[in-house]
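These notes are about the structure you will find just below.
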Amino acid sequence: MLMAAIVTGIAVSIFQAVTKIQEQTLSFVPKIVATFAALVMYVPQVKLETTEFLLQILDLISRMQVDAVLK
């Protein structure tokens, strides 16, 4: 998501330098749109990986021996 904002910001900066348009919203709005689009694209994958990680952690916790922890 950060990479999408950086690439979009650089592209908008180059566009502003070439056309000499210095509008503040022109640099802000495309970065927000690109970040939101990246968020929509990557949230399902992040959710899947987070769920798998949580299940692994819970499995490891369930395998722990209670008497080994108490010693």
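When we follow the working numbering, the leftmost residue of the sequence shown carries the number 13, and every step to the right adds one.
Even for Gly, the Cβ is constructed at its ideal location relative to N, Cα and C.
| query | result |
| --- | --- |
| Three or more beta-carbon pairs under 8 Å between the stretch 30-50 and the stretch 62-71, yes or no? | no |
| For Thr-20, count neighbouring Cβ atoms within 10 angstroms of its own Cβ and tell me buried if that reaches 16, exposed if not. | buried |
| From what residue to what residue does the alpha helix (DSSP H) around Gln-34 run? | That residue, Gln-34, is in no alpha helix (DSSP H); it is neither H nor E in DSSP. |
| Helix, strand or coil for Met-53? Go by DSSP, reduced to three states. | helix |
| By DSSP, does Met-15 sit in helix, in strand, or in coil? | helix |
| What does the alpha-carbon distance come out to for the pair Val-52 and Ile-33? | 30 Å |
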